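See structure below.
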Amino acid sequence: MEDMEIERVEGAIEEEREVGCKGGLEDAEDTDGEVDDDEDEEDFTVQFEGDPLSFVQEGDQGGTELYQHLERLECEIRAERKRKASQQCDGLGKKPKKDEVLGVTMEEIEEMMNFGFRKKARAAKKRGRKKGSRNKLTPELSNKIGDATLHYASGNYAEAIAILEAAVQLAPNLPDPYHLLGLIYDAMNDRKKALNFHMIAAHLSPKDVSLWKKLFTWSIEEKNFGQVRYCLSKAIAADPKDVGLRFDRAFLYFELGEFQKAADSFDQIIGLYPANTEARKMASKMYQKCGQLEKAVGILEDYINDHLVEADISMFDQLISLHMENSSYSSAVQLIEKAKLAFDSDKELPFCLKARKAVCHAHLGNLGIAKDFLEDLRMGNFENHYDLVNEVADTFLTLGHYQYALKLYLILGGTTGNEKAAIIYLKIGQCYSLLSERSKAIPFYYKALAKQEDDIDARITLSTLLIDEGMEDEAISLLSPLKCSNTIADVSSTLSEPWWHSEKVKIQLAKIYHSKGRLEDYVDVIFPSVHKTLLIESMNQKVRSKKKLSKSVLFERIKLLEDRQEDNVFRGFRPVATSSDLLKANRAKKSLEKQAALSEEKQVAALSAGMDWQCDDSNDDAPQRVIQDPPLRGLLKDEEHLQLLLDLCKTLVSLHRYSEALEIVNLVTRFPNDRVSAVKKEELQSLGAKIAYVTPDPKHAYDYARNVVKQHPYSIFAWNSYYEVILRFQNKFGKHLKFLHQMRVMHKDCLPPMIINGNQCTMQSMHQAAAEEYLLAYKLQPENPLINLCVGTALINLALGFRVQNKLQCVVQGFAFLYNYLRICNNNQEALYNIARAYQHVGLVTLAALYYEKVLAIQQKDYPIPKLPNQDPGAPVSVKPGYCNLHMEAAFNLHLIYKKSGAVDLARNILKTYCTP
Numbered sequence: 003m004e005d006m007e008i009e010r011v012e013g014a015i016e017e018e019r020e021v022g023c024k025g026g027l028e029d030a031e032d033t034d035g036e037v038d039d040d041e042d043e044e045d046f047t048v049q050f051e052g053d054p055l056s057f058v059q060e061g062d063q064g065g066t067e068l069y070q071h072l073e074r075l076e077c078e079i080r081a082e083r084k085r086k087a088s089q090q091c092d093g094l095g096k097k098p099k100k101d102e103v104l105g106v107t108m109e110e111i112e113e114m115m116n117f118g119f120r121k122k123a124r125a126a127k128k129r130g131r132k133k134g135s136r137n138k139l140t141p142e143l144s145n146k147i148g149d150a151t152l153h154y155a156s157g158n159y160a161e162a163i164a165i166l167e168a169a170v171q172l173a174p175n176l177p178d179p180y181h182l183l184g185l186i187y188d189a190m191n192d193r194k195k196a197l198n199f200h201m202i203a204a205h206l207s208p209k210d211v212s213l214w215k216k217l218f219t220w221s222i223e224e225k226n227f228g229q230v231r232y233c234l235s236k237a238i239a240a241d242p243k244d245v246g247l248r249f250d251r252a253f254l255y256f257e258l259g260e261f262q263k264a265a266d267s268f269d270q271i272i273g274l275y276p277a278n279t280e281a282r283k284m285a286s287k288m289y290q291k292c293g294q295l296e297k298a299v300g301i302l303e304d305y306i307n308d309h310l311v312e313a314d315i316s317m318f319d320q321l322i323s324l325h326m327e328n329s330s331y332s333s334a335v336q337l338i339e340k341a342k343l344a345f346d347s348d349k350e351l352p353f354c355l356k357a358r359k360a361v362c363h364a365h366l367g368n369l370g371i372a373k374d375f376l377e378d379l380r381m382g383n384f385e386n387h388y389d390l391v392n393e394v395a396d397t398f399l400t401l402g403h404y405q406y407a408l409k410l411y412l413i414l415g416g417t418t419g420n421e422k423a424a425i426i427y428l429k430i431g432q433c434y435s436l437l438s439e440r441s442k443a444i445p446f447y448y449k450a451l452a453k454q455e456d457d458i459d460a461r462i463t464l465s466t467l468l469i470d471e472g473m474e475d476e477a478i479s480l481l482s483p484l485k486c487s488n489t490i491a492d493v494s495s496t497l498s499e500p501w502w503h504s505e506k507v508k509i510q511l512a513k514i515y516h517s518k519g520r521l522e523d524y525v526d527v528i529f530p531s532v533h534k535t536l537l538i539e540s541m542n543q544k545v546r547s548k549k550k551l552s553k554s555v556l557f558e559r560i561k562l563l564e565d566r567q568e569d570n571v572f573r574g575f576r577p578v579a580t581s582s583d584l585l586k587a588n589r590a591k592k593s594l595e596k597q598a599a600l601s602e603e604k605q606v607a608a609l610s611a612g613m614d615w616q617c618d619d620s621n622d623d624a625p626q627r628v629i630q631d632p633p634l635r636g637l638l639k640d641e642e643h644l645q646l647l648l649d650l651c652k653t654l655v656s657l658h659r660y661s662e663a664l665e666i667v668n669l670v671t672r673f674p675n676d677r678v679s680a681v682k683k684e685e686l687q688s689l690g691a692k693i694a695y696v697t698p699d700p701k702h703a704y705d706y707a708r709n710v711v712k713q714h715p716y717s718i719f720a721w722n723s724y725y726e727v728i729l730r731f732q733n734k735f736g737k738h739l740k741f742l743h744q745m746r747v748m749h750k751d752c753l754p755p756m757i758i759n760g761n762q763c764t765m766q767s768m769h770q771a772a773a774e775e776y777l778l779a780y781k782l783q784p785e786n787p788l789i790n791l792c793v794g795t796a797l798i799n800l801a802l803g804f805r806v807q808n809k810l811q812c813v814v815q816g817f818a819f820l821y822n823y824l825r826i827c828n829n830n831q832e833a834l835y836n837i838a839r840a841y842q843h844v845g846l847v848t849l850a851a852l853y854y855e856k857v858l859a860i861q862q863k864d865y866p867i868p869k870l871p872n873q874d875p876g877a878p879v880s881v882k883p884g885y886c887n888l889h890m891e892a893a894f895n896l897h898l899i900y901k902k903s904g905a906v907d908l909a910r911n912i913l914k915t916y917c918t919p
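In our numbering, the protein residues as written are 3 to 919.
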């Protein structure tokens with residue numbers, strides 16, 4: 003609608019242009035010469051430096067110098083005019099005329115003498131040069147121009163050109179020869195030279211508006227838009243009251259997207275011609291685009307208040323729309339009533355105002371107008387007002403009046419064509435679904451999809467409605483890819499991407515499969531997209547943003563500043579482009595200039611040092627990795643998609659596809675915290691640890707156990723999980739020792755790494771190193787029963803070796819720690835059993851038998867088995883009663899002592915009592 007409005011305005015411009023050219027300015031305000039673009043109407047001459055013909059005839063590259071020279075002289079002449087005008091206003095710098103006597107001129111004396119005899123009205127003083135004051139041409143020059151004109155009229159162009167070249171040599175600042183040369187070359191179909199000569203003539207006679215208009219038209223044909231704007235500005239300066247030229251400039255700004263300048267240009271037209279309604283409407287639209295609603299409203303309100311009868315319906319409609327955009331619905335209703343009075347109170351309102359009235363009253367809560375509007379629609383013809391009816395229906399839908407909106411959409415659905423029918427069907431289905439009538443909404447969604455198969459949102463909404471109605475299989479078939487290969491090929495060729503590749507479709511289909519328990523189908527649908535997305539996102543993390551633009555990009559930007567009319571005399575016009583593009587181009591030009599200067603400095607420095615220098619820009623334009631778009635763009639942005647990752651990993655675990663689940667977890671946990679929250683990352687790490695513990699290869703479990711220990715270095719549960727994984731390597735994993743040493747250096751007061759290191763040394767029969775580790779731990783916690791047990795066993799094992807000289811002392815020290823361990827444990831069954839086992843190990847079987855008998859005399863209760871972090875806390879534990887009792891172990895060791903001592907009956911009795919069911 004906006005383009006149609008602009009075309010209508012352009013048609014009206016021609017009428018305004020005719021009025022301006024004929025002098026019909028009855029509606030123009032008297033500006034007294036205060037128009038911004040106005041200039042004095044006196045002629046001036048320009049002194050050339052050199053031969054101007056050489057620039058045009060030879061196409062010399064110095065043509066820009068001629069253009070700059072003309073511009074400079076023109077500015078000097080303007081400055082001189084202003085200086086003279088200011089001196090005349092101030093009465094300064096005036097020299098007394100010859101006929102002035104004592105401050106009285108001869109004209110005043112004559113007027114006084116003729117007083118009473120002849121009374122003459124005093125003429126109004128006119129601005130500018132008096133007629134007849136122009137410098138007259140010499141007879142020789144007049145004859146040459148006359149002869150050249152005759153030759154031009156006769157078609158003898160060569161003779162005319164020769165004569166005019168001679169005339170230019172005599173008077174290089176006279177515009178007439180250049181103008182005639184331009185006409186001759188135009189007749190010879192040499193538009194390039196004709197334009198150049200006309201341009202020189204226009205600069206020598208800047209008030210010749212017809213010549214500037216001609217150059218403006220020619221520049222448009224040549225598609226030299228920089229020159230178009232320049233000639234347009236000169237034409238406006240020559241005739242500031244020409245409304246057509248000002249409209250052209252305003253529309254040029256509009257096409258460039260510079261709406262503020264366009265609005266100011268239309269505002270200037272309003273200042274010259276306040277009654278120009280087209281300029282007011284366009285200025286209002288431009289201010290509206292700039293976000294200045296108050297100005298947009300004020301321009302139209304001023305005219306309507308002063309010319310209520312003369313205002314047309316389109317101006318009322320535009321002003322009402324502005325009030326509605328500003329949420330001033332009461333003011334809009336008042337304006338509608340005013341419009342009704344202005345046109346004809348007896349007749350009904352135009353349809354556009356009826357629609358605006360219905361929207362305003364709907365916002366104000368008056369639904370009675372909505373009923374009247376529906377009745378008008380049923381009775382009248384509204385096919386030409388589809389957009390207005392749709393706007394009213396959309397308003398009812400937005401405000402929650404679904405019944406009224408549905409009725410309007412149903413009326414539109416019966417009359418719209420194929421292009422708009424799909425949109426109407428979707429809105430009808432939306433209204434039915436909002437009214438909880440899903441069964442009625444489903445057919446309309448199917449109708450919409452029959453016309454627009456690639457409408458993803460409609461397909462997702464329809465699948466949701468089908469699921470709510472219990473038709474999951476139909477929803478699956480709706481979201482599944484097409485099975486016919488020919489159809490797929492046809493759709494793929496017409497669309498950039500088939501609808502079944504959409505992120506929303508895949509996620510919705512996966513949710514349906516997951517809810518129905520079809521886990522294999524669920525994984526097959528979503529896993530490839532999730533895996534590819536995570537790979538692309540991880541690669542995008544490594545792509546560094548370029549610190550500076552490459553030279554190829556800089557050269558591409560400065561092409562905007564290049565003058566492509568190199569064979570023209572006049573070039574170097576400001577390019578027609580947006581301000582942002584010009585700013586980028588100027589920055590690129592400065593950047594290239596700096597790079598060139600820096601390269602030159604390096605070359606001079608290298609040559610002065612006697613070194614060879616060669617510019618190396620090979621890496622500047624090297625191909626760089628670009629950021630790719632993943633299939634699932636919002637996978638790492640919200641909680642819903644992160645929950646999808648968790649569900650996918652759990653499903654893969656239930657399907658025993660551990661490697662794929664671990665790969666997903668590994669990719670997600672590598673992202674920084676600004677991409678994935680720490681809470682979700684920890685949850686995924688815990689899930690990955692559970693997966694890794696059940697896989698045959700312990701390397702995956704080691705990575706997760708190590709990460710957990712890093713996060714919780716003082717957690718006994720974390721270290722238990724870590725140690726459980728390490729035991730599966732059977733002392734053949736070198737990373738473990740390095741990590742353990744690192745944790746001991748970072749956390750010197752942490753006991754678990756000391757104990758684990760001591761246990762590893764004990765397993766390798768390095769009892770001395772084990773004793774050192776346990777003793778370091780003992781210094782930190784001397785009352786820890788486990789540490790005392792470990793120190794005692796390490797010293798006893800060390801005493802049984804061959805390197806200790808005082809073995810008895812070492813054994814006594816070991817038992818001292820064991821008895822301290824017994825004291826801390828309050829003589830419980832476990833401590834007694836460990837002491838008995840130590841006595842048996844060193845050969846003191848009598849004491850060992852005594853402590854085994856004490857173990858058999860104690861009945862131990864069962865305690866709950868602690869679970870590791872990787873284990874499910876809700877999983878049932880299948881253990882037999884009495885798993886904490888050590889009777890069976892103590893009886894077996896005691897029977898060995900009895901058997902070795904020869905008491906076979908006692909040994910048999912012990913086994914029968916404690917080791918048989």
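The C-beta atom is built at its ideal place from N, Cα and C for all residues, glycine as well.
Bear in mind the structure is a predicted one, so any value in this text is a computation, not a measurement.
Alpha carbon of residue i to alpha carbon of residue j, nearest angstrom
i	j	result
C752	A707	17 Å
F353	H387	8 Å
A196	A203	11 Å
A395	H403	9 Å
Q49	E260	At Q49, the pLDDT of 39 sits below 50, so the modelled position is not reliable and the matter cannot be decided from this model.
Q713	K809	43 Å
P755	H749	9 Å
G803	L849	22 Å
L537	E726	32 Å
N2	V906	There is simply no residue 2 to check, as the chain begins at 3 and stops at 919 in what is shown.
R672	K596	41 Å
N829	F529	58 Å
I2	Y411	The chain is shown only over 3 to 919; residue 2 falls outside these bounds and no answer can be derived.
For residue i, the three-state DSSP class (helix, strand or coil)
i	result
L408	helix
F353	helix
D640	coil
D319	helix
I378	The sequence as given places Asp at residue 378; Ile does not occur at that position. D378: helix per DSSP, three-state reduction.
F804	coil
N709	helix
K243	coil
D457	coil
Enclosing alpha helix (DSSP H) for residue i [first to last residue]
i	result
V813	809-826
A277	Premise fails: A277 is in no alpha helix (DSSP H) and is neither H nor E.
A193	Ala is not the amino acid found at residue 193; the sequence shown has Arg there. Element bounds for R193: 193-206.
M445	Before going further, note that residue 445 is Pro rather than Met in the sequence given. Taken as a continuous stretch (DSSP letters only), the alpha helix (DSSP H) holding P445 covers 440-453.
A840	831-844
Cβ pair residue i, residue j closer than 8 Å
i	j	result
V211	A240	yes
R193	W214	no
L172	L206	no
V857	A892	yes
H153	I165	yes
Residue i burial status per 10 Å Cβ neighbour count (16 or more: buried)
i	result
I718	exposed
C917	exposed
I867	exposed
L644	buried
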